[in-house]
Amino acid sequence: MSVRATARLRAEPDGRGGTALPVLESDGPLALRRTRSPLAPYARVTVVGAMSAPLNGDRLTIEADIADTARLTVDSAAATVALPGARADTGPSTYTVNLSVGEGAVLHWLPEQLVSAHGSDLHQTTRVQLAATGRLLLREEQILGRHGEPTGALTTRLTVHRAGRALLDQQLAYGPGAPGGWDGPAVLGGHRAVGQLLLADPSFEEAPLPARLLGPTAALTPLAGPAVLVTAVAADALLLRGILDEAMHELLDGLKADHGAG
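To convert, count from 1 in the sequence shown and add 3; that's the working numbering.
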């Protein structure tokens, strides 16, 4: 039996310089837990998988509303593994994330990796509505197959609108049914881990960063708006995380030093 589940959260200022979570609703395999945040005045929510999901045919959604001036970090306790399920006629699973970031708000969306297991078929969609003075740090990582197995079918789409205008609209497809060449030298070049790191900050309007390579398998690209996108491929999840973490710390340290961003 396929699962339909929607988890919701809302973050807003608590009136004392911190962030409250008046809405924290878990559903099905999506369990949301408030956890200790090492970074004041951010609140922190951890997504905990309550069961194996998504299986083919499941429909999972997370909705997060970050009110004006609130600050929130969302991470996850473990990787999400897309699995085929027991039946072959259920169709693909969907995993949808809808994020809204208000004026002066900050959201760090940093889940663990998504693993596309052999035989799975997942459509993942992340949609972000970002206010003009909102700030966003978003990481997505896809691991194509568990150790020693081929990947499942995976389609991901990331769309970000800032102040109502498109900032990024990117779709990627891997595995069975994907356009030819997805695993060729012009795309993955034999790698099985791929990731993106998006940083949107109004400070980039005054001091945009230039495009540049970040080693042999990663690049930083400024977007047509106050944001940069880091894309990377790697042989495995550990190497990919190292590349993205290094880029993230460099970007955040640069904002703190040059503009006092936090």
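Just so you know, even glycine gets a beta-carbon here, dropped at the ideal spot from N, CA and C.
Measuring alpha carbon to alpha carbon, tell me which of 111, 99, 252 ends up nearest residue 162. 99
Spatially closest choice to residue 22 from 84, 110, 32, 9, by CA coordinates: 110
Should residue 129 be labelled buried (16 or more other beta-carbon atoms within 10 Å of its own) or exposed? buried
Who are the Cβ neighbours of residue 233 in its own chain at under 6 Å, not counting the five residues just before and after it? 200, 223, 250
So, helix, strand or coil for residue 248, using DSSP? helix
Across which residues does DSSP place residue 84 in a beta bridge pair? 118
contact_flag[the stretch 65-74, the stretch 5-21] where n(CB pairs < 8 Å) is 3 or more: yes
Which of helix, strand or coil DSSP assigns to residue 201: strand
By DSSP, does residue 92 sit in helix, in strand, or in coil? coil
For residue 79, write down the residues that DSSP places opposite it in a beta bridge. 50
May I ask you to list the residues that DSSP assigns as paired with residue 165? 133, 168
Taking just the CA atoms, how far does residue 40 sit from residue 77? 10 Å
C-alpha distance - residue 94 paired with residue 198, whole-angstrom precision: 25 Å
State whether the stretch 205-225 contacts the stretch 141-157, with contact taken as three or more CB pairs (one from each stretch) at a distance under 8 Å. no
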